[in-house]
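A.B. asks: If you're matching them up, the sequences are chains A and B in order. According to our numbering, the residues represented by the first sequence are 1 to 531, in order. According to our numbering, the residues represented by the second sequence are 1001 to 1575, in order. By construction, the Cβ of each residue, glycine as well, lies at the ideal position given by its N, Cα and C atoms. Provided herewith is a single structure, encoded as structure tokens, for subsequent inquiry.
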Amino acid sequence: MAERKATALWDAKIVKVAFNDSLRKFDPRIQARNPVMFVVEVTALAVTIILGRDFVEGRMALAGFEFQIAIWLWFTVGFANFAEAMAEGRGKAQAETLRRTRTETQAKLIDGAATKLVPATQLRRGDVVLVEAGDVIPGDGEIVEGVAAVNEAAITGESAPVIRESGGDRSAVTGGTTVISDWIKVRITANPGETFLDRMIALVEGAHRQKTPNEIALSILLAGLTIIFMLVCISLYPFALYGGTSLSMPVLVALLVCLIPTTIGGLLSAIGIAGMDRLVQHNVLAMSGRAVEAAGDVDTLLLDKTGTITLGNRMATEFIPVLDVREEDLADAAQLASLADETPEGRSIVVLAKRQYNLRGRDLAEKDAHFIAFSAQTRMSGVDLGGRQIRKGATDEAVKFAAEHGGKAPAELPGIVERIAKNGGTPLVVVDGAHILGVIHLKDIIKEGIRERFERLRAMGMRTVMITGDNPLTAAAIAYEAGVDDFRAEATPETKLRLIREEQAQGKLVAMIGDGTNDHRRSRRPTSVSR
Amino acid sequence: MLANAVIQVGIFSVLVTAISVPLGLYMARVFAGEPTRLDPILKPVERAIYRVCGVHPRTEQTWIEYAISMLLFSAVGMLLLYGLERLQQFLPFNPQHMSAVAPDLAFNTAASFTTNTNWQAYGGESTMSYLTQMAGLAYHNFVSAAAGIAVAIAVIRGFVRRSATTLGNFWVDLTRATLWVLMPICFVLTLVLVWQGVPDNLSAYTQVKTLEGATQTIAQGPVASQETIKELGTNGGGFFNANSAHPYENPTPLTNLLEMLAIFAIGAGLTHTFGAMAGDRRQGWALFATMGLLFLMGASAAIWAEQRGNPQFAAAGINQTASASQSGGNMEGKEVRYGIVNSALWATVTTDTSCGAVNSMHDSYTPLGGLVPLVNMQIGEIIFGGVGSGLYGMLVMAVLSVFIAGLMVGRTPEYLGKKIEGREMKLAMLFILIFPAVILIPAAVAIVSKAGLAGISNPGPHGFSQILYAYTEASANNGSAFAGLSANTPFYNWSLGTVMLFGRFMMKIPVLALAGSLVGKKAAPPSAGTFPTNGVIFVILLIGVILIVAALTFFPADALGPIVEHLAMMKGKLY
């Protein structure tokens, strides 16, 4: 499922099914849904009847002419049917792949102490399953135990794995995604037929495709034009009669079919289906055609900073020593303090030290190391190693720590800290006992290519607004770097709602992009559009 | 004579542009109820009218109330005119003792003047008493024009108001259009026409002895006062049968120019009224430019076709080239006073709008020259158009254009920030659909019925053109004639009268409904992704949509009329 690849245009199986479907679509009850093609079919039938009559009565020259016209008319209807059937067929093929994912997945249902293998389709709400590294998550659910890296490329298109863990707002998992490390226990929250995957299947199959507002308006235009042109052709008969010519019905029909908008009328639904299909290929899940149209109308796009504009985690980018401390010593201390720190920030410090000074991670178990984990009270983490007490953490806490050990903060420290904050970074002060060694510059990393994407959005007429809980200084720096049009700093969920209402009051259509992790899990949809 | 054409058309175009801007801005003020210089005189009159009629000027109407008011007002006016015509022999101001007008003709005339068509199946000086002319016809000349302006203003409000429910008050718009717009201009223009020699009296007809000794009756009457509103209100119903070709209606080159300007003035001005009310003057200029370009296309084609004349005449050795001593070209049915350029220009102007006054006989035009007026009307008379009807017709085409453009851009189409959705398309299509229906269906009936064929005066395609033209001008509410058709028969009187009523009111209702649907929407501010409707690209697109819709609808019919006639003429066959 991860390697969802584009189906070849002329896949023999699809073509064959589509051909059969297109024959079925000649049924006038199906055609009646499309006024333009219905007219073509009715006239085709009429011409065929006249052809039959002339053939039986032996008017061969006339019959030959009528035969040509009848062929063209039937071909026109047939081609429109075939195009629609092809679009549907491709959607069905894709749905088939998705469905196979679901039916072939085996779930490790936890039954008391043991687990047993059951097909994923048999899971009911409330069942708890075990998912281990390499397994496909069998259904939508909540993690009740464990933490794992999950590859959600199948539904989000984001290739970087995300961490899902029990409790909090990162506990929801989706069927069809893959666990790539560790294990989790998942309580299933959706019965078969209601899962995300099921909805996706229904969508690509085009089974529940509703006409979009613009499609309805266009259909009205096409129907109106068809009526006008029928009037034109019908009135032409008496006009020609006055001129001493009797126009035969096949001739008038030929003119009518030339005039009425058969191309767009015949292909409209095929275009709609193919459009949804194409979106799915790009890992965009539009829940309805209406949503796609609304997306096209968006005037203002609100974006969460974290996870949307920036990679969710801050990364160490620089070691800034104070006074006469060597940069390398600072890096070494910082790395030691972070060795046991499994947070992305902590790992990034280890990696940076390794890259810049070739400092290897050491096996500290031998050295009688004692790790201090981060806590909300101390706002520091670090290590006690031999006689050294190395800590890294918030500026004021680190200064206090040094003071407790008889040291004091160097005069230049506040300047460094402020400079980092001004550039949108987070300063992390490293202290070794009484000595403050320096500052680690943690930086929000802007996703690659995001600037270019904003430029393209701007060209489409969308204004981008970044929303972040950061202070205005940091926010401004990141907004500048990412190239958004505007930003709101120190934002709360209420700020977001207020901002949306403000924009809507001006008549704008507002869209919101974010992973929703900070928003009370209001919505699992990555993007939502509200009018 | 190219220079002559360029100078004449150029001067006219510059004057139209110059007049339209102040007039349009003035109308925007009038209908917003803002103070104007005429207030000291007109305010008391306005208040008196409201008091007598029981109008509450501050009460606004929804589109349905507005439409009902407009329909009731027109229905009552039409009945009164019918009564006046039927009873004129018993009423005063009838020095020539005209008898009662026949029922079918009275119906046709009542429908014709109520709908601002002013098709005349009668000869004015030989049918209507002075009272009928003044109290019946001239009254309708004013109020049918004022009703058209009122509906246009209501439609503009539908486009520019936001999240509202009402479109204004019909009675107020009607009164203000008459008092502030039509009356003052007519007052001034009438005096100018009188100065130029147009009579305005209530005398009996004058009997004179001609140089040859024969006796000639010269018709008299209140001509100048009727002439101005006839042009200004794009009515077109002449006091005399010969209409503006009659020297008493249109005596001098100056009156010819002034009358043409009067025909375009309000229609052109309303585009700027639209721009001013929309708060973006360029929106008005875009519509003005669209109309102006279409006008120039038509005028060039008509002048070219008429100046070229008839190749068969040239082959017969007749000199048709323009020179200092003659206009050249096809002068059949044209006044020597006006020549080719001013005749063809007038023909274009009168059919661009729904005026229909003529200073030359369109029936005598070359096939292609006669095609221009026909196409102008088939486009829907939206090139400046009838007072009011031209603007709202153009707005419907604009809605259609932004819809098509919106689908190409990939955004929900917007016009002035209002989203164009299914309901709007339905109403716009209804508006567009009714027009060909009321032309083609009755024309098809007429062309195969005995009563219909009895009216045509020329055989072959020209006869067909006469019938097609008659139903086209009736549904477009133009009222000009391809004069060859003998239309004063029960068949034509009833059918054309009905077509006029359909062409007027069946199109006003959907357009008011469209305005009613738009007025409730909120307007999105324009963003970089909005398709701008005030630029060159929009003008080009709009012209394209207008021409393509008209061509697809009417080309097959036109091909059997003027076009085949033209081809036959080139081959040496004339009708």
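What does M466/A touch in chain B if you count any residue whose Cβ is under 9 Å from its own?
C.D. replies: Within 9 Å Cβ-Cβ: nothing; M466/A doesn't reach chain B, min ~18 Å.
A.B. asks: For the 8 Å Cβ check, are there 3 or more pairs between the stretch 470–490 of chain A and the stretch 314–332 of chain A?
C.D. replies: Cβ pair count under 8 Å is below three, so no.
A.B. asks: Pairs of beta-carbons, one from the stretch 1530–1545 of chain B and one from the stretch 1340–1350 of chain B, closer than 8 Å: are there three or more?
C.D. replies: Result no; under three Cβ-Cβ pairs closer than 8 Å.
A.B. asks: What would DSSP say about S1343/B, mapped onto helix, strand or coil?
C.D. replies: Helix, per DSSP.
A.B. asks: Could you work out which residues of chain A lie near E1421/B, taking near to mean beta carbons separated by less than 9 Å?
C.D. replies: Those within 9 Å of E1421/B in chain A are P213, N214, I216 and A217.
A.B. asks: Would the beta-carbon of Y1317/B fall within 7 Å of that of S1327/B?
C.D. replies: Just to set this straight, residue 1317/B is Gly in the shown sequence, not Tyr. Contact flag unset, no.
A.B. asks: Give me the Cα-Cα distance between I273/A and T212/A, rounded to the nearest whole angstrom.
C.D. replies: Cα to Cα, the separation comes out at about 12 Å.
A.B. asks: Restricting to Cα atoms, I'd like to know which of V1014/B, Q1133/B, G1572/B and L1025/B is closest to G1279/B.
C.D. replies: Considering only alpha carbons, the answer is L1025/B.
A.B. asks: Return the first residue and the last residue of the alpha helix (DSSP H) that L1042/B is part of.
C.D. replies: Unbroken alpha helix (DSSP H) run through L1042/B: D1039 to C1053.
A.B. asks: For the stretch 1328–1338 of chain B against the stretch 1360–1377 of chain B, do three or more pairs of beta-carbon atoms, one drawn from each stretch, fall closer than 8 Å, so that the two count as touching?
C.D. replies: Yes: the two stretches touch, three or more of their Cβ pairs being nearer than 8 Å.
A.B. asks: Taking all protein chains shown into account, decide if W10/A is buried (16 or more other Cβ within 10 angstroms of its Cβ) or exposed.
C.D. replies: Classification of W10/A: exposed, given that the 10 Å Cβ count is below 16.
A.B. asks: Run down chain A in chain order and give the residues with a C-beta less than 9 Å from the C-beta of G1529/B.
C.D. replies: Residues of chain A passing the Cβ test: G296, D297, V298, D299, A459, M460, G461 and M462.
A.B. asks: So A240/A contacts chain B; which residues on that side make the cut at Cβ distance below 9 Å?
C.D. replies: By Cβ distance, chain B contributes L1560.
A.B. asks: Taking buried to mean at least 16 other C-beta atoms within 10 Å of its own C-beta, is T343/A buried or exposed?
C.D. replies: T343/A comes out exposed.
A.B. asks: Hey, could you find the ends of the alpha helix (DSSP H) T1398/B is sitting in?
C.D. replies: Note that residue 1398/B corresponds to Ala in the displayed sequence, not to Thr. Residues S1389 to V1409.
A.B. asks: Below 9 Å on C-beta distance, what does V232/A contact in chain B?
C.D. replies: Simply P1436, L1440, L1552, T1553, F1554, F1555, P1556 and A1557.
A.B. asks: Relative to the C-alpha of G1010/B, which candidate in L1293/B, A1528/B and I1540/B has its C-alpha closest?
C.D. replies: Nearest of L1293/B, A1528/B and I1540/B to G1010/B, Cα basis: L1293/B.
A.B. asks: Hey, is E66/A's beta-carbon within less than 7 Å of any beta-carbon in chain B?
C.D. replies: No, because no Cβ of chain B sits closer than 7 Å to the Cβ of E66/A.
A.B. asks: Rank L311/A, G438/A, F319/A and I372/A by C-alpha distance to the C-alpha of I349/A and give the top, closest one.
C.D. replies: Taking only the C-alpha atoms, the option nearest I349/A is F319/A.
A.B. asks: In three-state DSSP terms, what is I183/A?
C.D. replies: Note that residue 183/A is Trp in the sequence shown, not Ile. Strand at W183/A.
A.B. asks: Taking buried to mean at least 16 other C-beta atoms within 10 Å of its own C-beta, is V1151/B buried or exposed?
C.D. replies: Flag for V1151/B reads buried.
A.B. asks: Pick from G224/A, V484/A and L428/A: whose alpha carbon is nearest that of T395/A?
C.D. replies: The option with the nearest alpha carbon to T395/A is L428/A.
A.B. asks: Would you mind sorting A80/A into buried or exposed? The rule is 16 or more other CB atoms within 10 Å of its CB.
C.D. replies: A80/A should be labelled buried.
A.B. asks: Quick one: grab the DSSP three-state call for E3/A.
C.D. replies: Unreliable positioning characterises E3/A in this predicted model, as indicated by a pLDDT of 42, which lies under 50. The coordinate reading is nonetheless provided below. Note: E3/A maps to coil in three-state DSSP.
A.B. asks: Would a check of beta-carbon distances place L302/A closer than 7 Å to chain B?
C.D. replies: Output row for L302/A: interface = no.
A.B. asks: Please report the distance separating the alpha-carbon of P1556/B from that of V232/A.
C.D. replies: Answer to the nearest angstrom: the Cα atoms are 7 Å apart.
A.B. asks: L1433/B CB to nearest chain A CB: under 7 Å?
C.D. replies: Yes, contact with chain A.
A.B. asks: Is I1024/B helix, strand or coil when you go by DSSP?
C.D. replies: It is worth fixing the name first, because residue 1024/B is Gly in this sequence and not Ile. Three-state result, G1024/B: helix.
A.B. asks: Measuring straight from C-alpha to C-alpha, what distance separates K1573/B and H1246/B?
C.D. replies: Rounded to the nearest angstrom, the two C-alpha atoms are 32 Å apart.
A.B. asks: When the Cα atoms are used, what is the spatial distance from V1448/B to A1559/B?
C.D. replies: V1448/B and A1559/B: Cα-Cα distance of roughly 18 Å.
A.B. asks: Figure out for me which residue from I1263/B, G1168/B and Q1061/B has the closest Cα to the Cα of G1385/B.
C.D. replies: Of the listed residues, the one whose Cα sits closest to G1385/B is I1263/B.
A.B. asks: Give the DSSP bridge partners of H441/A, in chain order.
C.D. replies: Paired residues: E318/A and P427/A.
A.B. asks: What in chain B is Cβ-close to Q106/A, meaning under 9 Å?
C.D. replies: Ordered by position in chain B, no residue passes the 9 Å Cβ test against Q106/A, which lies about 43 Å from the chain.
A.B. asks: Quick check on A1524/B: does DSSP put it in helix, strand or coil?
C.D. replies: Coil.
A.B. asks: Output yes if chain B places a C-beta closer than 7 Å to the C-beta of Q506/A; else output no.
C.D. replies: It does: the Cβ of Q506/A has a partner Cβ on chain B nearer than 7 Å.
A.B. asks: Run through the stretch 1276–1332 of chain B for me and flag every whole alpha helix (DSSP H) of 4 or more residues, listed as ranges in chain order.
C.D. replies: Within the stretch 1276–1332 of chain B, the complete alpha helix (DSSP H) runs of at least 4 residues are 1281–1308 and 1311–1315.
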